[in-house]
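To convert, take the position in the sequence shown, counting from 1, and add 1; that gives our numbering.
Quick notes on the structure that follows.
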Amino acid sequence: MAAESEKPQGLSPTDPCSYSRPDECVVTQIDLDLDVDFKTSTLKGQVHLTLKKKKEGIDHVLLDTREVTVKKVTDQANGQELSFTLGEHDSNFGSKLDVRLPSTAERSCVVSVEYETSPQCSALQWLRKEQTAGKRQPYLFSQCQAIHCRSMIPCQDTPAVKCAYSAKISAPREVTVLMSALRLGSDPHPTDSSKLIHKFEQKVPIASYLIAIVSGDIESRDIGPRSKVWSEKEMVDMAAFEFEETEHMLISAEALMGPYVWGQYDLLVLPPSFPYGGMENPCLTFVTPTLLAGDKSLANVVAHEIAHSWTGNLVTNSNFEHFWLNEGHTVFVERKIAGRLHGGEPMRHFTGIGGWKSLQYGVVDVLKNGPYTKLIPDLCGVDPDDAFSVVPYEKGFALLMYLEKLVGGPEVFEPFLRAYIERFQGDSIVTDQWKEFLFSYFKDKVDSGVFDEVEWDKWFFGQGMPPVKPDYDNSLAVPCADLCQRWVKATEDDYSLFKAEDMTALSTAQKREFLSLLLLEEPFSAEKIQAMESVYNLNAVKNSEIRFSWLRMCIRAQCEDCIPRALEFVTEQGRMKFVRPIYRDLYNWEKSRQRAIDNLQANREQMHNTTAKLVATKDLHLKN
Ligand SMILES: [Zn+2]
């Protein structure tokens, strides 16, 4: 278990997951000059790091790396080589790169690191052309959050450090290259006519985990005045339809949070192995193709990623123990945006109720009320990927929902959110700074004792469910709960009373809620599942969320015919939110256990590194 591993020596005093010491010497600008080599599955070239000394007498800088080959480090001013040492490899945090600064350096200098990534680079997934939809060109994409940027770029891989970046990326002419930055066009390669050099610039200072790259046979459609959607040709029109509301979401988010400062807001639909629902890479949100439901019913993920343009990307957690500052606020804003577009306050509360359910499942069933159920967990010696869960999202949301009511409702709380962004934009902060600002903003309420009832310690450091459940308007949830209870109580004689209309009367969001309520009940019998299937035809549903919950119901009911369908679902896409619980369920049932293990082994090569590692070690309890 991760909690038993000892803290490696020399980690940063302010970030338990980084070797860097930005309090001594800090990176203020990153300039990349890299070549995408699909033959060797590596990025190679140079990173130029502009450094600023923060203290007198500092003669070295500490960088994070993971499995990169460092060839040479030079002083950009005069090309002279600088000595460096690469520390021992730690499986959670990689290796410390210690670079001696030029002796002539005054307050600032630029060091150039010549390096090459490893084919196993944890930030990058290299797909052979056969693994893409079009099968025409190979494909590369990155996922740097939480601490994978160090495997792609030697850097200070802590969200406490923010800097602007630019990039020149050479790649074969046949592929498009995009980054989490504005596109500045491309030039011919000076020596290799088969390549182009693509140029990018991100002027807004960002944390390293937001640096992102994609390269593949992709094209775009315009979906708004500042937005394009990018994907392989096979999916691009469907994606343009699915994300048609993007500009409305942006306008609604700006009304809440202030101006959108990043210029472009594009979406990239990735290949199926992308491990997350979405990733808020600036200027270019990455999303899973499992959102392509054909009816825009899953586009709320885009509202979430848009919200990150303020909470997360402008105001950033200083280390991943305070991840809830990013995710709790973002879920809170996401639900405000989604409610403003469709369904208003009842819909916002309804999605909040769904969130509470998933928090309950995560806290009680998955994390067994353990240490990672704290809103602020202790990550000493822990890879944040291992601690990742629904907790920062939904416990964070619940806290904000509770506080909103306490201070007097949305009209009072929304201006606070905006003021919070204005106060901290460009900064990386910890929870104490958030709380201090809350108290100063609502000083009158502090004085009148409004916050006296808040059990801050329990909210921040308590294990298990939050001390208070916020009040939710449950008008939209009642029909879901009623239908759920009818099924729970039904005996064989009652099955004929159910009608297809029970389901068609519900919105897609309500259908999801109905199924997640059923999942909280005792498992059904296989016969009851069969009865549900014959009246609702759930096996045929394409919506990934509904398919996911329904498959879980079937596995829990031990319906043998669902095993192949479940294995197909976890193989055709790699979104961890779906893949991991299904693998866990299959593991927990003796009849499917070995088949799940065999399926993972057979498909591991095609999977994303992070997904494969977590499924193998955490869900199927294999050695590696
Ligand atoms: Zn998020």
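Using N, Cα and C, we set each Cβ at its ideal position, and we do this for glycine too.
| request: Closer than 6 Å by C-beta to residue 306: which residues in its own chain qualify, once you throw out the five before and the five after it? Chain order, please. | output: 279, 281, 286
| By Cβ distance below 8 Å, which residues in the same chain neighbour residue 38 in space, the five residues on each side in sequence not counted? | 44, 45
| request: Measure how close the beta-carbons of residue 586 and residue 556 come, nearest whole angstrom, since I'm counting them as under 8 Å. | output: 4 Å
| message | Is residue 54 close to chain C? Criterion is C-beta to C-beta, closer than 8 Å. | response | You won't find chain C in this structure, because it holds only one protein chain.
| Sorted by chain position, which residues of the same chain lie with C-beta nearer than 7 Å to residue 244's C-beta, five sequence neighbours on each side aside? | 224, 230, 268, 300, 303
| Taking the C-alpha atoms as reference points, what is the distance between residue 533 and residue 539? | 8 Å
| request: Figure out for me which residue from 581, 311, 349 has the closest Cα to the Cα of residue 471. | output: 349
| said: I need the DSSP call for residue 623, collapsed to helix, strand or coil. | reply: coil
| Along the chain, which unbroken stretches of the alpha helix (DSSP H) at least 4 residues long are found entirely within the region 82 to 154? | 150 to 153
| message | Cutting at 7 Å between CB atoms, please list the residues of its own chain near residue 186, excluding the five before and the five after it. | response | 200
| request: Indicate, with yes or no, if ligand 1 has a heavy atom lying under 7 Å from the CB of residue 281. | output: yes
| said: Helix, strand or coil for residue 481? Go by DSSP, reduced to three states. | reply: helix
| task | Verify whether the separation of the beta carbon atoms of residue 397 and residue 163 is less than 8 Å. | result | no
| Counting along the chain, where does the alpha helix (DSSP H) carrying residue 219 start and finish? | Note, residue 219: premise wrong, no alpha helix (DSSP H); beta strand (DSSP E) at 219 to 225.
| request: Measure from the alpha carbon of residue 265 to the alpha carbon of each residue in 189, 182, 315, then state which is nearest. | output: 182
| So what's residue 613 in DSSP terms, helix, strand or just coil? | helix
| Buried or exposed (CB count within 10 angstroms, at least 16 for buried), residue 2 | Because residue 2 carries a pLDDT of 36, less than 50, the predicted location of this residue cannot be relied on, and no value is offered for it.
| message | Is residue 192 close to ligand 1? I mean its beta-carbon at under 7 Å from any heavy atom of the ligand. | response | no
| Beta-carbon contacts of residue 239 that lie in its chain and below 7 Å, excluding the five residues immediately before and after | 293
| query | How many whole angstroms separate the CB atoms of residue 64 and residue 100, which I take to be in contact at a CB cut-off of 8 Å? | reply | 7 Å
| message | Which residue wins for smallest C-alpha separation from residue 500, given the options 536, 475, 468, 483? | response | 536
| Can you tell me the Cα-Cα spacing of residue 551 and residue 516, whole angstroms? | 7 Å
| field | Local Cβ density within 10 Å of residue 35, reported as buried at 16 or more and exposed below that | value | buried
| field | residue 443 - DSSP class collapsed to helix/strand/coil | value | coil
| task | Flag residue 328 as yes when its Cβ comes closer than 7 Å to any non-hydrogen atom of ligand 1, and as no otherwise. | result | yes
| task | Taking only the alpha-carbon atoms, compute the straight-line gap between residue 416 and residue 613 and give it to the nearest angstrom. | result | 43 Å
| query | Applying the criterion that 16 or more other CB atoms from any shown protein chain within 10 Å of the CB defines a buried residue, is residue 70 buried or exposed? | reply | exposed
| said: Need the endpoints of the alpha helix (DSSP H) that residue 239 sits in, please. | reply: 234 to 243
| Between residue 331 and ligand 1, is the CB less than 7 Å from at least one heavy atom? | yes
| message | Please classify residue 322 as buried or exposed, where buried requires at least 16 other C-beta atoms within 10 Å of its C-beta. | response | buried
| request: Over the uninterrupted beta strand (DSSP E) stretch that includes residue 191, give me the two end residues. | output: Run containing residue 191: none; DSSP gives neither H nor E here.
| query | Three-state secondary structure (DSSP) at residue 559? | reply | coil
| field | Minimum C-alpha distance to residue 216 - residue among 172, 159, 339 | value | 172
| From the DSSP output, which residues share a beta bridge with residue 231? | 221, 269
| field | Cross-strand partners of residue 46 (DSSP beta bridge) | value | 35, 116
| request: Please state whether DSSP places residue 330 in a helix, a strand or coil. | output: helix
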